[in-house]
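One structure is given here, and the rest of the page talks about it.
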Amino acid sequence: MDVLSLLCFLIGFSSNSCTPHHAGEKWEVEEISRYAEVAQKIIDLAVYGDARNRSYEKLARFTDTVGHRLSGSKNLEQAIEYMYKALKQDGLDNVHLEPVKIPHWVRGKESALMVKPRHHPLAILGLGSSVGTPREGIEAEVLVVESFEELKQRASEARGKIVVYNQPFVSYGETAKYRSSGASEAAKVGALASLIRSVTPFSINSPHTGWQHYEEGVRQIPTACITVEDAQLLARMVNRGEKIVIHLTMSAQSLPDADSFNTVAEITGSKYPEQVVLISGHLDSWDVGQGAMDDGGGVAISWEALSLLKDLGLRPKRTVRAVLWSAEEQGGVGAQQYYNRHKANISNFDLVMESDLGTFRPLGMQFSGKAEARRIMGQVMKLLKPINATELEEPAEGTDINMWMDAGVPGASLLNDNSKYFWFHHTHGDTISVQDPEEMNLCSAVWAVVSYVIADLDEMLPR
Ligand SMILES: *[C@@H]1O[C@H](CO)[C@@H](O)[C@H](O)[C@H]1NC(C)=O
Ligand SMILES: *[C@@H]1O[C@H](CO)[C@@H](O)[C@H](O)[C@H]1NC(C)=O
Ligand SMILES: *[C@@H]1O[C@H](CO)[C@@H](O)[C@H](O)[C@H]1NC(C)=O
Ligand SMILES: [Zn+2]
């Protein structure tokens, strides 16, 4: 024992000075560096060997066959059936479905037309959970605002109008509030409908849909997203003093909750089968494009990680379990029900992982957990040096794993070069054409190496 370790021992291991980022206890460095060879085997198979491009091919076949997969839709049912069969055919362990109830919103027909001062059709996508308009539509003058503050200041002008939000894009996390609560805020000041500038840093005139929430006790008005270009057009015109009238028609409606499933497959652990490293992505998507990026990529690498371990005959001490969530887009609905069912066994959940922010070139992982656990992850990340994916950032993100992390389970998400993710997010442009086979090979390798090594260590991650 060196002096620092002795000091740490005497003052207790939890001291921060004893857990410098990435430094590693001696046993950790030794135990984890023993996995270098197996990590290289996984990498070789995924990136250079027989499994090269396989996660991409799986995803392309899946999305080309099933298409997009909205919560409650026939397509989502088909997707679950497709995946269940494919995972079984792949010879994975314990393939099964776990029933959940999910929202069933249908878009129906929708259109928006500027009728004054000139005729101009707007590209729109109704927002998830929006009510429809009356059959004949809503025709009203628009009020354009750039923020909720401006809406409050101009509240007296909003009554009987269609509120258009032309908020600048700051970040997804910051700006998405206009999509999620724009309708209720507009309704509070008497608006008839709201149109929201799509939440994206880049646009080629494509609307970006997404879920929205009606505030309890506030009148529910129809709401849709419009393109960045159209939002800016409307703003410029009203700033020149022009009066704009829009005719909005939407036949969206919410039906009773539908039956669905989370889809599960494993490599069952050899020594502690009840202990779990969970890897995941969500199988549902929006009803536009193919949902290839959001979140077909996360699904494909979670499936592929298990296939890689199986092909190499690798069975870790603990179970590596892939869960393909249902109804993430409606707010992690399937994942919440999974949590409720399994939380009694929370002490057996070693690490929960989700990839839902792109499967572009991987840089490493995002992680949430105690300093001791982070140090161990830091050592594991060194095994990914051959593919330059060794970064470890804080915190982890994932709608479907947040509940576990909030309850103290270490969590991880894929850190990747996703600077273009929100260009395609929730649009007709989210197709397999956005994905790159070689980048997905690397993501699959990261996913398999991290889940395997954590599942095979002598001890679970400290929490
Ligand atoms: C994998 O995909 C890359 C990029 O599309 C392509 O150049 C390469 O030929 C593919 N390799 C295999 C084995 O399919
Ligand atoms: C919890 O763990 C026990 C023991 O491994 C197992 O028998 C049981 O099925 C688990 N419960 C759930 C809901 O997974
Ligand atoms: C990792 O980076 C090195 C040095 O820049 C480069 O030569 C190598 O091709 C990279 N490997 C991968 C898989 O990207
Ligand atoms: Zn997603």
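FYI, the numbering for the sequence shown is -18 to -1, 1 to 445, going by mature numbering (1 follows the signal peptide of the UniProt record, and there is no 0).
Note that the Cβ used here is the ideal one computed from N, Cα and C, for glycine as well.
Distance from the CA atom of T47 to the CA atom of D277, rounded to whole angstroms, is 16 angstroms.
Distance check between P204 and each of I186, G223, L41 and M232 places M232 closest, using alpha-carbon atoms only. Nearest in C-alpha terms to H102, of all of V258, S289 and I228, is I228.
Bridge pairing for Q348: E375 and S395 [DSSP].
Counting along the chain, A61 sits inside the alpha helix (DSSP H) bounded by residues K56 to Q71. Rounded to the nearest angstrom, the gap between the Cα atoms of E373 and K292 is 27 angstroms.
In the DSSP annotation of this structure, the continuous segment of the alpha helix (DSSP H) that includes V281 starts and ends at G279 to D293. Only buried fits L424, as 16 or more other CB atoms lie within 10 angstroms of its CB. For the 8 angstroms CB-CB criterion, Y320 and E80 form a contact. Put simply, the backbone Cα of E420 is about 20 angstroms away from that of S433. When only Cα atoms are considered, Q257 and W268 end up about 33 angstroms apart. One alpha carbon belongs to A326, the other to L366, and they sit about 34 angstroms apart. Burial of G280 is indicated by the presence of at least 16 other C-beta atoms within 10 angstroms of its C-beta. Between ligand 2 and the CB of E256, the shortest heavy atom gap is smaller than 7 angstroms. Looking at the DSSP output, R303 shares a beta bridge with E248 and L260. Per DSSP, S176 is one residue of the beta strand (DSSP E) stretching across A175 to R179. Between V362 and I24, the C-beta gap is not smaller than 8 angstroms, which leaves the two residues out of contact. By DSSP's assignment, P103 forms a beta bridge with L95. Set against 7 angstroms, the gap from the CB of A427 to the closest heavy atom of ligand 2 is not smaller.
Q214 and S55 have their alpha carbons spaced roughly 34 angstroms apart. For W429, the enclosing alpha helix (DSSP H) starts and ends at P419 to D438. Look at S236 here: in three-state DSSP terms it is strand. Here V171 carries a coil assignment [DSSP, helix/strand/coil].
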